[in-house]
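Below you'll find the structure, written out as structure tokens, and then a few comments.
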Amino acid sequence: MRTLKLGSRGPDVMEIQALLKKIGYNPGPIDGILGRQTRQAVINFQRNNELVPDGIIGPQTYRVLEPLLMGYDTYYIQPGDTLWEIARKYYTTVQRIVTANPGINPYQLRIGQKIIVPYGIDVVDTNVEYTYEIMERDIRGLKVRYPFIEVGVAGQSVLGKNLYYIKLGEGPNQVFYNGAHHALEWITVSLLMKFTENFSKAYAEGRSIRGYDVESIWNQSTIYILPMVNPDGVNLVLKGLDPSNPYYDELLRWNDTGLPFSQVWQANIRGVDINHNYNALWQTYKELAEELGFDEPGPYRYPGPYPESEPETRAVVSFTRNHNFRLVLAYHSQGQVIYWNFQNLAPPEARRIGEMFAAVSGYVLAEPFGTASYSGYKDWFIQEYRRPGYTIEVGRGRNPLPISQFDMIYNNNEELLLLAAVV
Ligand SMILES: [Zn+2]
């Protein structure tokens, strides 16, 4: 954690702003710039927490902010404590505490007993640029608050970042949702993470969402979510090119667009477009791409030296092979379209399911054409398994979509994400 002060910029500033706003301070616009208003909010927070009110977020202040960012605190039972009293102090509920501490007996607390106290605020903030580090912390926070979810690692990126997956449910009907094959399309990570949080919360509370009984989905199906397939690319887009990056010189050369990485980079950190790196008419795509000038590493559309050349692709492929997915969704952003077929290999029910997805999302159902129709994840899945696989393009306008579109995107896709688990 670097020290943040007046003039600091970046996604880490943004998440602090979003947090301060969530807990009742006024940092001004959530723009990732630590300006005077944000500094004043930090000072007010420091005053209320017996910290030196200097407006600088160093180790001391961060230590107090961190549990709030994680969404929970660790608490040791004091003489006379009750869960009701603790819940009141933390602006949370007894139910949330019981969920995070399976087996706890509210009537038999032991002095010195260590418990987890989830705060009354949500973990996943959808007002911030969603970096790998924010996702990683949120996954940890969700896992602690909702111990019934399972978290694992499907592989590593080129730069060694974990390709985390989350498992929701215990049922035999397995489905797989993934996001951010493309770096600019990180808003799909926020979408899948927010869905994970809302689904877990509803399960803990025995609630339904949009008329779908979450507990019965949990028992009937297992939803695997790999929110960020391309973490190196996402961080390049959101945090810029770090001089310590082992591909520093190459990346500057590969990005020959004259535009910053934050505006154009879709590939992984070796300039390979992961969603053209799957072994599904890869050679056909490669020849087309060469004609169009995508014959070497670059911001987008370069399919790599051979199919599955990239560790991210290989991880998703072996994750898929190690499960028995009845259906997959690959989330992308741009166009409000659902693509469903590949070389007419999709089963007959795929169109009908696609039509249902279109109906609940308001998106258009389409068959891909041109270069979009080769060597993507859903193409490979349909080719290998002859089961329903979809590329879902969320949002409108030019990538990267502004986070201000999040609420609309979530609203369009929540029912689709529930339906895909039971259809
Ligand atoms: Zn995409």
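Sequential numbering of the sequence shown, starting at 19, is according to the working numbering. Backbone N, C-alpha and C define an ideal beta-carbon position, used for all residues, glycine too. Bear in mind the structure is a predicted one, so any value in this text is a computation, not a measurement.
At a Cβ-Cβ threshold of 8 Å, ALA201 and TRP102 do not count as neighbours. With a 10 Å radius around the Cβ and a threshold of 16 neighbouring Cβ atoms, ALA377 comes out exposed. Put simply, the backbone Cα of MET211 is about 10 Å away from that of ILE205. Under the DSSP assignment, ASN62 falls in the alpha helix (DSSP H) whose first and last residues are 54 to 66. Taking 7 Å as the cut-off, one finds no heavy atom of ligand 1 near enough to the beta carbon of ASN66. Note on geometry: alpha-carbon atoms of LEU345 and PRO406 lie some 5 Å from one another. Remark: the C-beta of ASN293 is in contact range of ligand 1, defined as less than 7 Å to any heavy atom. The C-beta distance from LEU177 to ASP274 rounds to 22 Å, too long to meet the 8 Å contact threshold. For HIS341, the CB stays at least 7 Å from every heavy atom of ligand 1. VAL146 carries a coil assignment under DSSP once its states are collapsed to helix, strand and coil. Taken through DSSP and simplified to helix, strand or coil, THR240 comes out as strand. Of all C-beta pairs linking the region 122 to 134 to the region 89 to 99, three or more are shorter than 8 Å, placing the two stretches in contact. Within the same chain, ILE227 come within 7 Å of ASN216 by CB-CB distance, once the 5 residues on both sides are set aside.
Following the DSSP letters along the chain, one finds ALA198 in no beta strand (DSSP E), marked with neither H nor E. Secondary structure at LEU186: strand, using DSSP grouped into helix, strand and coil. Judged by DSSP in its simplified three-state form, VAL335 adopts helix. For ILE152, the closest of ASN196, LEU86, PRO190 by C-alpha to C-alpha distance is LEU86.
Taking a 10 Å sphere around the C-beta of LEU310, we find fewer than 16 other C-beta atoms and assign the residue as exposed.
Taking the Cα of ASP99 as reference, the smallest distance to any Cα among GLY121, THR110, TYR125, GLU367 is reached at TYR125. DSSP places LEU269 within a helical segment (H, G or I) once states are collapsed to three.
Look at VAL70 here: in three-state DSSP terms it is coil, with no helix or strand label. Judged by DSSP in its simplified three-state form, ASN180 adopts strand. The continuous beta strand (DSSP E) containing GLN174 extends over residues 168 to 174. Distance from the C-beta of GLU203 to the nearest heavy atom of ligand 1 is below 7 Å.
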